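See structure below.
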Ligand SMILES: Nc1ncnc2c1ncn2[C@@H]1O[C@H](COP(=O)(O)OP(=O)(O)OP(=O)(O)O)[C@@H](O)[C@H]1O
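Structure below.
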């Protein structure tokens, strides 16, 4: 994909950090080398998180980190606690125990919109777009956390509010160009095929210019071609803007291809954590998850 003209930094910081060098290097798909992809120290640390719903323990004493600039996968069988973990990271759920450290700071209990303002955006397992609204308007909703002028200024449509609106619109258009969806920018989302809706949802998250992007099953329900496109966009966002990405995905071919590191959950517990190769060879992971087919969803 060519995103060369996109002047929008999706990443908030870290440009001067030393590369820790965990990326896999150039591969057959042309992914940039480790030297080009700067993988830095942890941007987010999950420490001893336990989350219960009444008598159900969805997450039990789980710790892992997500490094600056990496693609980090969270995998595991149905009900393992993956979505719950994303919901803890973006503040939808508040765990009973444990802590989250973001950019080296212990994070207090914040609301999801406050966490979004800190630079964490996400997409959902089941597409959560406004189906009657156009692609452009849906992507504009991703800019809400960046809007500063209040209703007073917006009603007057004067000066700063007008300039801000123009800037947000331009940012949304850059996302549309980046994701190659110019041709459907005025189409109501509900009329689009599933794969394109998923791409629009990615666009809405990107419009928030996150430093950490959480993707909940970005390939679910897609055919092979749509998956290939989505992989390409995820890798391009990561490579070109240094956006750190954490994703939940059941397609093991995709996970092993695009991830720098993989954390594996089962029944709310962590049973593996490492590079794709390490996880592939982990007997506990093979027994709990990889021993059954997961890459035949198309
Ligand atoms: N809001 C909730 N209320 C009660 N129980 C919940 C809630 N959310 C999740 N759970 C339970 O927590 C456990 C973990 O669920 P979660 O959705 O996080 O798993 P998952 O790994 O994302 O599964 P899947 O791959 O099927 O999406 C399950 O037993 C689930 O039923």
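Numbering (UniProt numbering), first residue to last: 1 to 298. Where is the CB? At the ideal position from N, CA and C, for every residue including glycine. Treat the numbers as computed from the prediction; the structure is a model and nothing was measured.
According to the DSSP assignment, residue 239 belongs to the alpha helix (DSSP H) that extends over 224-241. In the DSSP annotation of this structure, the continuous segment of the beta strand (DSSP E) that includes residue 264 starts and ends at 261-266.
In the three-state DSSP reduction, residue 102 falls in the strand class (E or B).
DSSP places residue 60 in the strand class (E or B) of the three-state scheme. At least one heavy atom of ligand 1 is found less than 7 Å from the C-beta of residue 78. Contact check for residue 259 and residue 72: beta-carbon distance about 7 Å, within the 8 Å limit, so the pair qualifies. For residue 43, the uninterrupted beta strand (DSSP E) segment begins and ends at 42-53. Not one heavy atom of ligand 1 is found less than 7 Å from the C-beta of residue 88. Straight across, the Cα-Cα distance linking residue 91 with residue 43 is about 16 Å. In the three-state DSSP reduction, residue 68 falls in the coil class, being neither helix nor strand. By the neighbour-count criterion, in which a residue is buried when 16 or more other Cβ atoms sit within 10 angstroms of its Cβ, residue 200 is buried. Residue state for residue 173 is assigned as helix, using DSSP reduced to three classes.
The segment 185-194 makes contact with the segment 130-139: 3 or more CB pairs, one atom from each, lie closer than 8 Å. Each residue's CA atom was taken as its position, placing residue 97 and residue 237 some 33 Å apart. With a cutoff of 7 Å, residue 53 counts as near ligand 1, since its C-beta is closer than that to a heavy atom of the ligand.
Annotation: the continuous beta strand (DSSP E) that includes residue 274 extends over 269-274.
Take the alpha-carbon of residue 141 and the one of residue 277: they are about 39 Å apart. Closest in alpha carbon position to residue 95, among 63, 114 and 120, is 63. For residue 165, the three-state secondary structure derived from DSSP is helix.
Here the C-alpha atom of residue 246 lies approximately 19 Å from the C-alpha atom of residue 222. Pairing residue 175 with residue 206 gives a Cβ-Cβ distance under 8 Å. Counting along the chain, residue 123 sits inside the beta strand (DSSP E) bounded by residues 120-123. In this structure, 77 is the residue among 81, 275 and 77 with its C-alpha nearest to the C-alpha of residue 251. With 16 or more neighbouring CB atoms inside 10 Å of its own CB, residue 197 falls in the buried class. The alpha-carbon separation between residue 129 and residue 225 amounts to approximately 22 Å. According to DSSP, residue 213 shares a beta bridge with 121 and 245. Within the same chain, Cβ atoms closer than 6 Å to the Cβ of residue 45 are found at 65 and 101, the five residues on either side in sequence being excluded. Per DSSP, the beta-bridge partners of residue 188 are 134.
No residue range can be given for residue 93, since it is assigned to no alpha helix (DSSP H) and is classified by DSSP as neither H nor E. Nearest neighbour of residue 59 by Cα position, chosen from 234, 47, 118 and 69, turns out to be 47. DSSP, reduced to helix, strand and coil, places residue 73 within a strand of the structure shown. Per DSSP, the continuous alpha helix (DSSP H) segment holding residue 201 begins and ends at 194-207.
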